[in-house]
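Chemist: This is the structure I have questions about; it appears just below.
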Amino acid sequence: MNSLDIDVIRTALDWQSRGQRVVMGTVVRTWGSAPRPPGSLMVIRDDGQVAGSVSGGCIEDDLIGRVARGELALRKPETTTYGETAEEARRFGLPCGGTVQLVLEPLSPASQLRELLAAIEGHQRVMRRLDMATGVASLLPTDAGDRVQFDGQTLTTVHGPRLRLLIIGGGQLSRYLASMAVMLDYQVTVCEPRTEYHEGWERMEGVTLSTTMPDDLVLAMRLDEHSAVVAVTHDPKLDDLALMEALRTPAFYVGALGSLQNNAKRRQRLQAFDVSEAEAAKLHGPVGLNLGALTPPEIAMSIVAEMTAIRRGMDLSGPLSNWSGSKTVCLTC
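If you number the sequence shown the way this note's numbering does, the last residue is 334 and the count never jumps.
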């Protein structure tokens with residue numbers, strides 16, 4: 002669950018505390034191209050106020066009107082679908098004939114939203130099961146990844162800690178990388194023991210500066226499969242210490258700045274410190290997709306692009322890893 006959806010839950014709880022009726026919509030299925038993925042949330046207040054989005058604006062106005070008129074989810078959860086016909090898709094502006102199915106639930110203490118928020122803020126990963134017949138939700142601990150399952154009787158969603166990014170080094174590239182990662186909903190920690198690089202980091206919202214030695218910080222952070230590490234100091238004494246420990250964790254992405262030759266030497270050094278050949282092979286270096294990047298912001302963009310592709314399960318052995326920007330890609334078609 003990302004921070005936008007956490008804000009939606011906080012808003013819903015605030016509205017409920019004022020005694021207002023609130024309906025929460027969850028995208029449970031999409032067919033064709035759809036503006037928001039399954040799991041996206043929106044809450045609608047009885048007077049038409051909203052937070053979040055389930056379609057990027059395509060169907061929100063219709064949903065608001067139907068909820069305000071009491072046509073949807075008055076007493077128990079129900080489903081509604083938009084774009085079932087070509088005429089509907091055109092009317093609501095859904096791209097490329099997409100179809101979106103939603104579960105709408107009237108919120109109450111039985112929805113367990115306050116307990117869900119507490120679990121997320123406590124860095125727990127939980128599964129929420131909503132009984133469509135009763136509107137009662139239950140929470141269970143889980144190790145599952147992002148998941149939305151709906152069989153008509155039960156809606157199952159998985160919620161948990163936000164993505165984390167540990168950046169080793171506090172130079173110019175790190176500032177662009179941190180800014181972009183924050184926009185992509187990462188909790189960003191910058192590890193920089195060198196005091197000459199500390200200026201200005203305290204003003205960056207969503208970024209924590211640590212002066213702990215990199216290997217100690219990697220161990221202290223207990224990196225998991227929702228974590229990424231990027232080393233950019235060009236100083237082996239700092240980069241290699243972090244990478245040595247990070248490659249032994251379940252982190253979904255570990256990368257290091259530098260040329261092919263420098264990273265080949267880095268892998269050799271790491272293996273001399275008891276990093277296995279398989280662990281060393283997990284290192285993404287040179288870091289980032291091959292976008293022809295030259296400037297610090299372009300390099301930062303290539304890094305977050307590769308992190309995103311890896312996290313989404315894209316195969317980077319094909320054309321994407323060598324993409325040069327010569328083709329236009331439709332992201333909604």
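In this text, a Cβ means the ideal position worked out from N, Cα and C, and glycines have one as well.
1. Within 8 angstroms, do at least three Cβ pairs link the stretch 228-248 to the stretch 149-165?
2. Quick check on Ser56: buried or exposed, where buried means 16 or more other Cβ atoms within 10 Å of its Cβ?
3. Do you know offhand how far Ser303's Cα is from Asp144's?
4. Would His235 pass as a contact of Val255 if the rule is Cβ separation under 8 angstroms?
5. What does the alpha-carbon distance come out to for the pair Arg66 and Ala279?
6. Comparing C-alpha positions only, which one of Val23, Asp241, Arg223, Leu42 sits nearest to Pro110?
7. Could you check how far apart the C-beta atoms of Arg129 and Thr158 are, in whole angstroms? I think they sit under 8 angstroms.
8. Return the CA-CA distance between Leu220 and Met308, expressed in angstroms with no decimal places.
9. Going by the DSSP bridge assignment, what does Gly26 pair with across the sheet?
10. Among residues of its own chain, excluding the 5 on either side of Leu75, which ones have a beta-carbon nearer than 7 angstroms to its beta-carbon?
11. Less than 8 angstroms between the beta carbons of Val101 and Thr31, yes or no?
12. Classify Asp316: buried if its beta carbon has 16 or more other beta carbons within 10 angstroms, exposed otherwise.
13. Determine the extent of the beta strand (DSSP E) in which Ile169 is found, giving its start and end residues.
14. Check for me: the alpha helix (DSSP H) holding Gln1 runs from which residue to which?
15. Using the rule of at least 16 other Cβ atoms within 10 Å of the residue's Cβ for burial, across every protein chain shown, is Ser41 buried or exposed?
16. Quick one: residues in its chain with C-beta nearer than 6 angstroms to the C-beta of Leu332, no 5 flanking neighbours on either side, listed in chain order?
17. Return yes when the Cβ of Ile45 is within less than 8 angstroms of the Cβ of Gly26, no when it is not.
18. Using DSSP with H/G/I as helix, E/B as strand and the rest coil, what is Asp8?
19. When DSSP labels each residue in this structure, what does Pro142 get in the three-state scheme?
20. Does DSSP classify Gln17 as helix, strand or coil?
21. Are Val29 and Val137 touching if we call contact CB-CB under 8 angstroms?
22. In chain order, what residues of the same chain lie with their CB nearer than 6 angstroms to the CB of Leu141, ignoring the 5 residues before and after it?
23. Give every residue of the same chain whose Cβ lies closer than 6 angstroms to the Cβ of Ser112, excluding the five residues on either side of it in the sequence, and list them in chain order.
24. Buried or exposed for Asp6, going by 16 or more other Cβ atoms inside 10 Å?
25. Quick one: residues in its chain with C-beta nearer than 6 angstroms to the C-beta of Gly326, no 5 flanking neighbours on either side, listed in chain order?
26. Helix or strand or just coil, what does DSSP make of Gly99?
27. Where does Glu206 fall in DSSP's three states?
28. Sort Gly172, Ile169, Gly171, Thr135 by Cα distance to Thr155 and report the nearest one.
Modeler: Inspection of the coordinates gives the following:
1. yes
2. buried
3. 30 angstroms
4. no
5. As written in the sequence, residue 66 is Gly, which differs from the Arg given in the question. Going from the Cα of Gly66 to the Cα of Ala279 covers about 56 angstroms.
6. Val23
7. 5 angstroms
8. 21 angstroms
9. Met43, Leu105
10. Pro107
11. yes
12. exposed
13. 164-169
14. The structure shown does not extend to residue 1, since the chain spans only 2 to 334, so no value can be given for it.
15. buried
16. With a pLDDT of 32 at Leu332, under the threshold of 50, the modelled position of that residue is not reliable, and no figure is offered here.
17. yes
18. helix
19. strand
20. helix
21. no
22. Met128
23. Ala138
24. buried
25. For Gly326, the pLDDT reaches just 35, beneath the cut-off of 50, and the residue's location in the model is therefore unreliable, leaving the point undetermined.
26. coil
27. coil
28. Thr135
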